[in-house]
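Enquirer: For the sequence shown, our numbering begins at 714 and goes up steadily by one. One structure coming up, written as structure tokens, with questions to follow.
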Amino acid sequence: RDSGSLPSFVYDVGAAFGELVNRESAAYASTGEARFPLVSSEGGKEALQADFAEFTMGSDHEIYTDGSYRIPAIYLNDWPDRYIHTNLDSPANIDATKLERAAFIGAASGYYLATLRSDGAAALLQVIERAGLRRTATMLERRAALDPAEGLNLQGQHFASEEAIISSVESFAPLDDSQRDVARKFVSDLRATVTEPRSERYAGNRDPVFQRNAEPRGPMTVFGYDYLEAKIGADKTAGLKLLGFTGLRGAGGEYAYEVLNLVDGRRTDRDIRDAVSASYGPVPMAMVIEYLAALESAGVIVRSRP
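Have a look at this one:
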């Protein structure tokens, strides 16, 4: 799934092919027959059992999905992997069947996206709707554990993301008016079925909005290098409370990555805090303000009046 700052239907496409491989490989493991067993003669014969996780960090996809590039990326990994980053991390120690299945999911997703046209939009919207229902169920489970104000924020961010996922289709295949209306009605009807928690909405504000500078591009930390540390010093970086914060579904690195990705020239510090809280769990406003100030002092972002 996306990180929250980059809603896209691309992730639903990858998950759909992953679900296909799960079904077909399970049928083959159970009966010895399947339309697409995807089994290598040199690999295992068990079912794939792929897990469709939310956004996680730790590999090259972080660069693509960074706010300065904004390229949705389908990330596949195999875990646990006792050989990774060791002298035994070689093709000989990769199960050939797992590799074949991963290659199929990646290649099929890429081919589908490259050849997507408007006449395929109706089927795609059905895939997005099914995924949207699952995401909404997850949102409601999480909302139940939050106080009303945070629950209201989570719900609002969720439906804004669902609308953005549908809109993202048009960068690949323009929707006609009827398809667009049906897709928007689906989100509107789904929103109407969800009971809104009793709470005061966060009041709007006139705080400065934040804009990312053209340079530097990419995330702040990449494989042992920390840009903030290089610019403002190790002591100041280590003192940033956001980097040591642990939320409901994420820790400091995830929060920091997402806060920067949410800087888009339209969001205020409150908007950024609310969006990252919906992704990883409520975070104190002061921590986000402090981290934004550090990014500003390092020349990564600037502030301006809306």
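We put the beta carbon where it would ideally sit given N, CA and C, even for glycine.
Look up A964 in the DSSP assignment and say whether it is helix, strand or coil.
Expert: Of the three classes helix, strand and coil, the one that applies to A964 here is strand, per DSSP.
Enquirer: V1015 and N926 - do their beta-carbons sit closer together than 8 Å?
Expert: It is a contact, given that the beta carbons lie within the stated cut-off.
Enquirer: Is Q762 helix, strand or coil when you go by DSSP?
Expert: In this structure, Q762 counts as coil in the three-state DSSP scheme.
Enquirer: Just the Cα atoms here: how many angstroms apart are Q924 and D984?
Expert: In a straight line, the C-alpha of Q924 is about 13 Å away from that of D984.
Enquirer: Check whether the region 871-878 and the region 749-767 are in contact - that is, three or more C-beta pairs closer than 8 Å.
Expert: Flag = no, the region 871-878 and the region 749-767 do not touch.
Enquirer: Going by CA-CA distance only, name the one from V900, L719 and G994 that's closest to G864.
Expert: Measuring from the Cα of G864, the nearest candidate turns out to be G994.
Enquirer: Is A776 helix, strand or coil when you go by DSSP?
Expert: Per the sequence presented here, residue 776 reads as Ile, with Ala not at that position. If DSSP states are grouped into helix, strand and coil, I776 belongs with the helices.
Enquirer: Could you check whether Q870 and A766 sit closer than 8 Å to each other, using their CB atoms as the reference points?
Expert: In this structure, Q870 does not lie closer than 8 Å to A766 by Cβ.
Enquirer: Out of V734, G771, G727 and V723, state which residue places its alpha-carbon closest to the alpha-carbon of F749.
Expert: When only C-alpha atoms are compared, the closest one is V734.
Enquirer: According to DSSP, is I807 part of a helix, a strand, or is it coil?
Expert: Here I807 sits in coil by DSSP.
Enquirer: Rounded to whole angstroms, how far is the Cβ of Y1066 from the Cβ of F958, which I believe are closer than 8 Å?
Expert: Outside the displayed range of the chain (714 to 1019) lies residue 1066, so it cannot be described from this structure.
Enquirer: Out of E737, A747, Y741 and F768, point me to the one whose CA is closest to S718's CA.
Expert: Here the closest residue by C-alpha is F768.
Enquirer: Answer with buried or exposed for A947, where buried requires no fewer than 16 other C-beta atoms within 10 angstroms of its C-beta.
Expert: The residue in question, A947, is exposed, as its Cβ has fewer than 16 Cβ neighbours within 10 Å.
Enquirer: Around the Cβ of I818, are there at least 16 other Cβ atoms within 10 angstroms (buried) or fewer (exposed)?
Expert: Under this definition I818 is a buried residue.
Enquirer: Tell me where the beta strand (DSSP E) around I1014 begins and ends.
Expert: I1014 to S1017 is the extent of the beta strand (DSSP E) around I1014.
Enquirer: Following the continuous alpha helix (DSSP H) through V840, name the residue where it begins and the one where it ends.
Expert: It spans A834 to R856 - the alpha helix (DSSP H) in which V840 sits, taken as one unbroken run.
Enquirer: At the level of alpha carbons, what is the spacing between A805 and G833?
Expert: Cα to Cα, A805 sits roughly 40 Å from G833.
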